Amino acid sequence: ILNVEQSPQSLHVQEGDSTNFTCSFPSSNFYALHWYRWETAKSPEALFVMTLNGDEKKKGRISATLNTKEGYSYLYIKGSQPEDSATYLCAEGVRTSGSRLTFGEGTQLTVNP
Amino acid sequence: DTGVSQNPRHKITKRGQNVTFRCDPISEHNRLYWYRQTLGQGPEFLTYFQNEAQLEKSRLLSDRFSAERPKGSFSTLEIQRTEQGDSAMYLCASSRGAGIQYFGAGTRLSVL
Numbered sequence: 762i763l764n765v766e767q768s769p770q771s772l773h774v775q776e777g778d779s780t781n782f783t784c785s786f787p788s789s790n791f792y793a794l795h796w797y798r799w800e801t802a803k804s805p806e807a808l809f810v811m812t813l814n815g816d817e818k819k820k821g822r823i824s825a826t827l828n829t830k831e832g833y834s835y836l837y838i839k840g841s842q843p844e845d846s847a848t849y850l851c852a853e854g855v856r857t858s859g860s861r862l863t864f865g866e867g868t869q870l871t872v873n874p
Numbered sequence: 459d460t461g462v463s464q465n466p467r468h469k470i471t472k473r474g475q476n477v478t479f480r481c482d483p484i485s486e487h488n489r490l491y492w493y494r495q496t497l498g499q500g501p502e503f504l505t506y507f508q509n510e511a512q513l514e515k516s517r518l519l520s521d522r523f524s525a526e527r528p529k530g531s532f533s534t535l536e537i538q539r540t541e542q543g544d545s546a547m548y549l550c551a552s553s554r555g556a557g558i559q560y561f562g563a564g565t566r567l568s569v570l
């Protein structure tokens, strides 16, 4: 994997469904994996930062896991609500490029009531 | 903590004009970043400052782009002789060291 890639590109679910997205990233020189939530006309909101292989983080109904050896992270949303509708971005920080983050293209989630 | 503030929120300009955007970071954050996001893409790194020093610049930052952070507080991003391809959302973020980057709401630039 040469770039940060996210799938799916977009997702439509019904209120109450649980869903998950994937972020794949180059694993050489890995330093940290960030997840952001970005609602239209607002600032991207930091959800999680994970650095260690096997890390799991949880914030309310949202959780994330990290596998640095194979270069992927999953974001899970349990019992989706309409207010969860947003673009979910993952970004990789690497050791050799200072503080820059390399973002994926995002997964656009729409939760229908 | 008032968050990262960016001004203006929207800017419409004609091709060939110069534009300047401002970013006010979270007050105790020593690092400040600029990213650019075009439609359908994730944000792309442009440059970052640690205090007033510009430590890294992307090759995306052509010589028409210049960023400053004169007193290690707010930052400006100037684009000279704008082109239609410069139309994008320009995002600013700040952090304490290599910690979480907190983003502003961005400046959307439209070049006609």
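Taken in sequence, the protein lines are chains A and B.
Residue numbers for the first sequence follow the working numbering, so the first one is 762 and each next one is one higher.
Residue numbers for the second sequence follow the working numbering, so the first one is 459 and each next one is one higher.
Glycine residues also receive a C-beta, built at the ideal position from the N, C-alpha and C atoms.
Nothing here was measured: the structure is a model prediction, and the numbers come from that model.
With respect to the beta strand (DSSP E) encompassing Ile470 (chain B), which residues constitute its N-terminal and C-terminal limits? 468–471
Residues in its own chain within less than 8 Å of Phe532 (chain B) by CB, not counting five upstream and five downstream? Arg480, Cys481, Asp482, Pro483
Quick check on DSSP: helix, strand or coil for Arg554 (chain B)? coil
Excluding the five sequence neighbours on either side, which residues of its own chain have a C-beta within less than 6 Å of the C-beta of Glu514 (chain B), listed in chain order? Tyr506
Can you check DSSP and say which residues form a bridge with Ala802 (chain A)? Its beta-bridge partners do not exist; DSSP assigns none.
Check this for me: beta carbons of Val774 (chain A) and Phe864 (chain A), under 8 Å apart or not? no
Residue from A:Phe809, A:Ser846, A:Gly854 whose Cα sits closest to the Cα of Leu772 (chain A): A:Ser846
Looking at the C-beta of Gly543 (chain B), does it have a partner C-beta in chain A at a distance below 8 Å? no
Please classify His795 (chain A): is it buried, with 16 or more other beta-carbons within 10 angstroms of its beta-carbon, or exposed? buried
Gly562 (chain B) and Ser768 (chain A) - do their beta-carbons sit closer together than 8 Å? no
From the beta carbon of Ile470 (chain B), is the nearest beta carbon of chain A less than 8 Å away? no
Under the three-state DSSP convention, the category Gly543 (chain B) falls into: helix
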